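>
Number of protein chains: 2
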Amino acid sequence: MVNKLRQHIIDRLGSTPDNIDDVLATFHTLKLKRNEVILKQGEICKYVYFVASGCLQVFVYDKEMNETTRDIITENNWCSELISFGGQQPATENIRTVEPSDLLAIDRQGFQRLMETVPQFDKVYKQILEASYANSVYRINTFVSLTALERIKWLMEYRPKLMSRLSSKLIASYLGISQETFSRLKGKL
Amino acid sequence: MVNKLRQHIIDRLGSTPDNIDDVLATFHTLKLKRNEVILKQGEICKYVYFVASGCLQVFVYDKEMNETTRDIITENNWCSELISFGGQQPATENIRTVEPSDLLAIDRQGFQRLMETVPQFDKVYKQILEASYANSVYRINTFVSLTALERIKWLMEYRPKLMSRLSSKLIASYLGISQETFSRLKGKL
DNA sequence: GTTTCGTGTTGACAAATGTCAACGTTTCAG
DNA sequence: CTGAAACGTTGACATTTGTCAACACGAAAC
Chain A
260 MVNKLRQHII DRLGSTPDNI DDVLATFHTL KLKRNEVILK QGEICKYVYF
310 VASGCLQVFV YDKEMNETTR DIITENNWCS ELISFGGQQP ATENIRTVEP
360 SDLLAIDRQG FQRLMETVPQ FDKVYKQILE ASYANSVYRI NTFVSLTALE
410 RIKWLMEYRP KLMSRLSSKL IASYLGISQE TFSRLKGKL
Chain B
260 MVNKLRQHII DRLGSTPDNI DDVLATFHTL KLKRNEVILK QGEICKYVYF
310 VASGCLQVFV YDKEMNETTR DIITENNWCS ELISFGGQQP ATENIRTVEP
360 SDLLAIDRQG FQRLMETVPQ FDKVYKQILE ASYANSVYRI NTFVSLTALE
410 RIKWLMEYRP KLMSRLSSKL IASYLGISQE TFSRLKGKL
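Chains as they are written, first to last, in our numbering: chain A, 260 to 448; chain B, 260 to 448.
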């Protein structure tokens, strides 16, 4: 499990940092079942997670308590509520597992220590931030300019594996449409 | 004009960096009229801009060539297509002035030099990135979970100055609704 | 093995929003 | 100052999407 993170870091940097074992030791491991909540909105987000296996859902509730999903994170990617984690503010989002998942977690203290002592860790953080940002921008632009059907087509092209891996309910929530509309539109392909 | 940037950097860092004049000299100034395009999608984004005065619109076209606005940047804020700028890839977005504007621009070479030689500049960059990311996340979540009317109310509360400063057309495009719907819903307040 | 619950599908209808057209007003270039 | 173009508003109507309800199916719980 830790090896997945080791490999991820090596791939990211294109080289092996000297103190990689120190870096890896700063994380602790978590084995979670399906449907476990690891962050509730209103709480302070205490960790950044690396998803070694499984799948996480980042979502918000609207005023009728419907969930809409901002992001879906699969293995070999990072997940957190960075704004809450970085600014120590209450989280505006919730995170839970949608599959049994293995996570590697790093707390704020460990994170800051690595940021200061391992220059390459700072670099990895910047890469994660940039990737997260790029992802968000992309998502806003698809949301704003595409119809429900176009968004489905977009997902099939851009993240095809999700279509077969996840429940229709979750995909609909990710696309910002109702489950029924999603079911109907699928028929029109 | 340059003084606005100086003050912005000092405010951000909470202190004056030693080589601030070196930093400032790396920027060049631009005076633009209303409606000037400074980035077209497909081009590589060559600069990061600091908006000393005026207002910029970041937008995309859908397949019918309607514009939708991802972001609106007013004075004392940064604007770029960071993904294109950082990765030297074709931009997916367009940027133009919506008011006469004074900009300070830094190119990639200058940017990288400052990143390497001025640690605080790296820090400012990270702050910009974090703020941009936070802003995007916020925007996705409002888009996905709010109705048109709720989005109008949200804008009035969150960025009230924009309502009086910008054209209805632009605001509608920022909220992801048609100009007519916007006009009608305004009446219902 | 049976029950129970969540999921996916479908129908009927309602609500929200978009589109097209018309028209008065404002803005801006010449 | 003046004419053309863009903007804002309103009406009529079309389209998209949501909501509620019913039901079949399969997975998980007992």
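Where a beta carbon is used, it is the ideal one built from N, C-alpha and C, also for glycine. This one's a predicted model, so the numbers in the text were calculated from it and none came from an experiment.
Applying a beta-carbon distance threshold of less than 8 angstroms, which residues of chain B neighbour Tyr392/A?
Going along chain B in sequence order, the residues near Tyr392/A (Cβ under 8 angstroms) are Leu341, Ile342, Leu388, Ser391, Tyr392, Ser395.
> In angstroms, rounded to a whole number, what distance separates the CA positions of Met422/A and Pro349/B?
Approximately 28 angstroms between the Cα atoms of the pair.
> Determine the closest residue to Ile342/B out of Ala390/A, Glu439/A, Lys290/A, with distance taken between C-alpha atoms.
It is Ala390/A.
> Is Asn294/B close to chain A, meaning its C-beta is less than 9 angstroms from at least one C-beta of that chain?
Not closer than 9 angstroms to any Cβ of chain A, the Cβ of Asn294/B fails to qualify, so no.
> Would you mind telling me which residues of chain A sit closer than 7 angstroms to Gly273/B, beta carbon to beta carbon, in chain order?
By Cβ distance, chain A contributes nothing, its closest Cβ being about 16 angstroms from Gly273/B, past 7 angstroms.
> Which full runs of the beta strand (DSSP E) of 3+ residues lie inside the stretch 340 to 406 of chain A, going along the chain?
Segments of the beta strand (DSSP E) lying fully in the stretch 340 to 406 of chain A: 353 to 356, 360 to 366.
> At 3 residues or longer, and completely inside the stretch 281 to 335 of chain B: list those beta strand (DSSP E) runs for me, N to C.
Within the stretch 281 to 335 of chain B, the complete beta strand (DSSP E) runs of at least 3 residues are 287 to 291, 296 to 298, 306 to 312, 314 to 320, 326 to 333.
> Under the assumption that Ser437/B contacts Ser395/A (Cβ atoms under 8 angstroms), give the Cβ distance between them as a whole number of angstroms.
Contact flag wrong, Cβ pair sits at about 24 angstroms.
> Check whether chain A comes within 9 angstroms of Phe402/B, counting only Cβ atoms and requiring the distance to be less than that.
So, interface residue.
> Quick one: is Ile269/B buried, meaning 16 or more other Cβ sit within 10 Å of its Cβ, or exposed?
With fewer than 16 other Cβ atoms within 10 Å, it is exposed.
> Does the separation of the CB atoms of Leu363/A and Phe309/A fall below 9 angstroms?
It is a contact, given that the beta carbons lie within the stated cut-off.
> Spatial neighbours of Phe286/B within its chain, please: CB distance less than 8 angstroms, with the 5 preceding and 5 following residues excluded, ordered by chain position.
So the list reads Val261, Leu264, Phe309, Leu363, Ala364, Ile365, Gly369, once near-sequence residues are dropped.
> Lys299/B: which of Glu352/B, Phe441/B, Leu408/B sits nearest, CA to CA?
Answer by Cα proximity: Glu352/B.
> Going by CA-CA distance only, name the one from Asp281/A, Lys305/A, Cys314/A that's closest to Lys292/A.
If we check each option's Cα against that of Lys292/A, Cys314/A comes out closest.
> Nearest chain A C-beta to Thr376/B closer than 9 angstroms, yes or no?
Thr376/B does not count as touching chain A.
> Within 9 angstroms (strictly less), CB to CB, does Tyr306/A reach chain B?
By this cut-off, Tyr306/A is not an interface position.
> How far does the alpha helix (DSSP H) with Asp270/A in it reach, from first residue to last?
Its alpha helix (DSSP H) spans residues 261 to 272.
> Does the beta carbon of Val319/B sit closer than 9 angstroms to a beta carbon anywhere in chain A?
By this cut-off, Val319/B is an interface position.
> Would you please verify whether the beta carbon of Glu352/B is less than 9 angstroms from any beta carbon of chain A?
With 9 angstroms as the cut-off, Glu352/B counts as an interface residue toward chain A.
> So, are the CB atoms of Ile303/B and Ile354/B less than 9 angstroms apart?
No; because the gap between Cβ atoms is not below 9 angstroms, this pair is not in contact.
> Are the C-beta atoms of Asn336/B and some chain A residue less than 9 angstroms apart?
Not an interface residue.
> Contact defined as beta carbons within less than 8 angstroms: I believe Leu429/A pairs with Thr328/A. What is the distance between those atoms, to the nearest angstrom?
Yes, they are in contact, since the Cβ atoms of Leu429/A and Thr328/A sit about 7 angstroms apart, within 8 angstroms.
> Could you tell me the alpha carbon to alpha carbon distance between His267/A and Tyr320/B, rounded to whole angstroms?
The straight-line gap from Cα to Cα measures roughly 36 angstroms.
> Tyr433/A to Val282/B, Cα distance in whole Å?
Straight-line Cα distance between these residues: approximately 43 angstroms.
> Tell whether a beta-carbon distance below 9 angstroms holds between Lys445/B and Ile411/B.
Contact: yes.
> When you compare only the Cα positions, how much space is there between Gly346/B and Lys447/B?
Approximately 45 angstroms between the Cα atoms of the pair.
> Is the distance from the Cβ of Phe344/A to the Cβ of Val307/A below 9 angstroms?
Their beta carbons are under 9 angstroms apart, which means Phe344/A touches Val307/A by this criterion.
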